[in-house]
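Student: So for the sequence shown, the numbering used here puts the first residue at 1368; every next one is plus one.
Virtual Cβ for every residue (Gly too), placed ideally from N, Cα, C.
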Amino acid sequence: MTAPTEFILLAGFLGSGKTSLLRDWLLLPEAADTAVIVNEAGEIDVDGVIVAEGGNLPMAMLSNGCVCCSLTSDLVFTVRALVEQRARSAATPFRRIVLECSGLSRPGPILRSLLPLSPLGLSVRVVTTCDASQAVQQARHFDEVAAQLAAASTIVVTKPDLHDPAPAEALAAAINPLALRVVESDRAARARAAFSPPAALVSAPEPPGTAHPRVAVLRATFHEGASWEDRLDWLEDLAAFCGDRLLRVKGFLRRPGSPVPLLVQAVGTLFSAPTPVATEGVTEGLVLILRDITLPELRAGMASSPVRLSTLRPGPALACGPVEAGCAAPFPAL
């Protein structure tokens, strides 16, 4: 069977190096059969011209608007057109379609806009660039930085030659301890690691202090005796209570009486269908990444729920084995 086409949402704040990372990737032989969509927020398509210099590749432009708020229907049309045009040419399907977002885009609304493309069976994930020289300062002033980092399955620390990457890596670890973090000085190796699917969730030592005081990373586990319906109802209540303050959910649930763990993931309030995983001994629990909600506030707001809430302590229980393909994508199939 042919592997599903990947849809890679390349996010990252203004000037964080998204275009440079994408160009470095397109120069590699592994980038064959890649299509690119560039979202330029201004009327002059600067990024599109820069990417196009990387070679002859299928490319589309979404200009003069931010794809997360004003161009969602254009994005759906563009992705569908790329896939259908490829099929009409009798060529093999694209291995991947990369959307380079505007630096002000939030991944959650973009992923929600892709739901009409479900029949295409795309495998979707988010790659976010984190600027070693500016990310910590930008995160203090712009909520978009936290939203972009929290949504990522891979976080790439860029510009390590200009600034010590440790503070940016600590920021990424504090906001999203589940993401694969790429800290690589060689540009080709960095690009290769960024666009190759991560094999597993990662578990990192707890970073000292709080790199982003408005973001809380919590762990949720269910009381003994909670039913499957209790679990699903709680996820719905969580999305309703938090709204756009819910940045990310990722972890494992078990149906009572079933030995098979289910991978559960969400970016914002958009949840993917629970996906069975093959690894034995996986601990049930969910990691929640929230903005402007403290642990006491969440406990008070959902006091009647059959859930234990605590501050996350990263450790082996977060990890899942490399055989679990579902770990590579926020949405196993779109």
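Can at least three beta-carbon pairs, one atom from the stretch 1532 to 1552 and one from the stretch 1472 to 1490, be found at a separation below 8 Å?
Tutor: No, the stretch 1532 to 1552 is not in contact with the stretch 1472 to 1490.
Student: Exposed or buried, ALA1587, counting other C-beta atoms within 10 Å across all chains shown (16 or more means buried)?
Tutor: Buried, because 16 or more other Cβ atoms sit within 10 Å of the Cβ of ALA1587.
Student: List the whole-angstrom C-beta distance separating ILE1477 from LEU1376, where the pair is believed to meet the contact cut-off of C-beta under 8 Å.
Tutor: Yes, they are in contact, since the Cβ atoms of ILE1477 and LEU1376 sit about 6 Å apart, within 8 Å.
Student: Sort ARG1479, ASP1400, THR1496 and CYS1497 by Cα distance to LEU1449 and report the nearest one.
Tutor: Minimum Cα distance to LEU1449 is reached at ASP1400.
Student: Let me make sure I understand the geometry here. Which of LEU1637, PHE1638, CYS1609 and THR1642 has the alpha-carbon closest to that of LEU1622?
Tutor: According to the sequence provided, residue 1622 is Arg. The question's Leu does not apply to it. Per the Cα distances, THR1642.
Student: What residue range does the beta strand (DSSP E) around ARG1615 cover?
Tutor: 1613 to 1621 is the span of the beta strand (DSSP E), which, as asked, contains ARG1615.
Student: What are the boundary residues of the beta strand (DSSP E) that includes ILE1464?
Tutor: Looking at the DSSP string, the run of the beta strand (DSSP E) that includes ILE1464 is 1463 to 1467.
Student: Going by beta-carbon coordinates alone, are LEU1481 and LEU1585 separated by less than 9 Å?
Tutor: No.
Student: So, do the stretch 1636 to 1653 and the stretch 1517 to 1532 have three or more beta carbon pairs nearer to each other than 8 Å?
Tutor: Because the criterion of three Cβ pairs below 8 Å is not met, the stretch 1636 to 1653 and the stretch 1517 to 1532 do not touch.
Student: Would the stretch 1656 to 1674 and the stretch 1550 to 1561 be scored as touching if the rule is three or more Cβ pairs under 8 Å?
Tutor: The stretch 1656 to 1674, when compared against the stretch 1550 to 1561, does not touch it at the 8 Å Cβ threshold.
Student: The alpha helix (DSSP H) with PRO1474 in it runs from where to where?
Tutor: Per DSSP, PRO1474 belongs to the alpha helix (DSSP H) from 1474 to 1480.
Student: DSSP three-state label for VAL1524, please.
Tutor: Looking at VAL1524 - three-state DSSP - the assignment turns out to be strand.
Student: Locate the beta strand (DSSP E) running through GLU1373, then write down its first and last residues.
Tutor: From DSSP, the beta strand (DSSP E) with GLU1373 extends over 1373 to 1379.
Student: In or out: GLU1647 buried (at least 16 other Cβ within 10 Å) or exposed?
Tutor: Exposed, since its Cβ has fewer than 16 Cβ neighbours within 10 Å.
Student: Taking all protein chains shown into account, do 16 or more other C-beta atoms lie within 10 angstroms of the C-beta of GLY1624, making it buried, or fewer, making it exposed?
Tutor: Label assigned to GLY1624: exposed.
Student: Using the C-alpha atoms, what's the distance from CYS1609 back to THR1386?
Tutor: Roughly 33 Å separates the two Cα atoms.
Student: Would you kindly check if the distance between the Cβ of VAL1443 and the Cβ of TRP1392 is under 9 Å?
Tutor: No, these two residues do not count as a Cβ contact at 9 Å.
Student: When the Cα atoms are used, what is the spatial distance from ILE1660 to LEU1614?
Tutor: Their backbone Cα atoms lie some 11 Å apart in a straight line.
Student: Cutting at 7 Å between CB atoms, please list the residues of its own chain near ALA1506, excluding the five before and the five after it.
Tutor: For ALA1506, where only same-chain residues beyond five positions count, the Cβ hits under 7 Å are VAL1512, ALA1513, LEU1538 and HIS1579.
Student: Confirm, please, whether the CB-CB distance from GLU1467 to VAL1403 is below 9 Å.
Tutor: Cβ distance < 9 Å, so VAL1403 and GLU1467 count as in contact.
Student: Could you give the C-beta distance for ALA1535 and ALA1583, rounded to a whole number, given that I count them as a contact under 8 Å?
Tutor: Incorrect: roughly 20 Å between the Cβ atoms, too far for contact.
Student: Can you tell which of ALA1533, SER1552, SER1383 and ARG1473 has its C-alpha closest to the C-alpha of ALA1518?
Tutor: Checking every option, the nearest Cα to that of ALA1518 belongs to ARG1473.
Student: Compute the beta-carbon to beta-carbon distance between PHE1619 and VAL1627, rounded to the nearest angstrom, for a pair I have assumed lies under 8 Å.
Tutor: Not really, about 10 Å apart at Cβ, beyond 8 Å.
Student: Would you mind sorting ALA1556 into buried or exposed? The rule is 16 or more other CB atoms within 10 Å of its CB.
Tutor: Under this definition ALA1556 is an exposed residue.
Student: What runs of the alpha helix (DSSP H), each 4 residues or longer, lie entirely inside the stretch 1502 to 1558?
Tutor: Qualifying alpha helix (DSSP H) stretches, in chain order: 1502 to 1508, 1510 to 1518 and 1533 to 1542.
Student: Name the DSSP bridge partner or partners of SER1677?
Tutor: According to DSSP, SER1677 bridges with ARG1586.
Student: Suppose the cutoff is 6 Å on Cβ atoms and the five residues either side in sequence are ignored; what does the same chain contact list for GLY1668 look like?
Tutor: The residues are PHE1608.
Student: What is the C-beta distance between GLY1379 and GLN1504, in whole angstroms, given that I count them as a contact (C-beta under 8 Å)?
Tutor: Their Cβ separation, rounded to whole angstroms, is 15 Å, which puts GLY1379 and GLN1504 out of contact at 8 Å.
Student: Out of ALA1458, VAL1549, LEU1471 and ASN1543, state which residue places its alpha-carbon closest to the alpha-carbon of LEU1381.
Tutor: Answer by Cα proximity: LEU1471.
Student: So, under 8 Å CB-CB, ALA1593 and VAL1616 are touching, yes? Tell me the CB distance rounded to an integer number of Å.
Tutor: Between VAL1616 and ALA1593 the Cβ distance is about 17 Å, and since that is not below 8 Å, they are no contact.
Student: Where does THR1636 sit, in a helix, a strand or coil, going by DSSP?
Tutor: In the structure shown, THR1636 sits in coil (DSSP, three-state: anything other than H, G, I, E or B).
Student: Buried or exposed, going by whether 16 or more other CB atoms sit within 10 Å of the CB of ALA1398?
Tutor: Label assigned to ALA1398: buried.
Student: Please tell me whether THR1650 and LEU1662 are closer than 9 Å, where the distance is taken between their beta carbons.
Tutor: Their beta carbons are not under 9 Å apart, which means THR1650 does not touch LEU1662 by this criterion.
Student: Only counting the same chain, and skipping five residues up and downstream in sequence, which positions put a Cβ closer than 7 Å to that of VAL1551?
Tutor: A quick correction: the sequence has Glu, not Val, at residue 1551. Once the five neighbours on either side are set aside, the close Cβ partners of GLU1551 are ARG1557 and ALA1560.
Student: GLY1610 by DSSP, collapsed to three states: which one?
Tutor: Of the three classes helix, strand and coil, the one that applies to GLY1610 here is helix, per DSSP.
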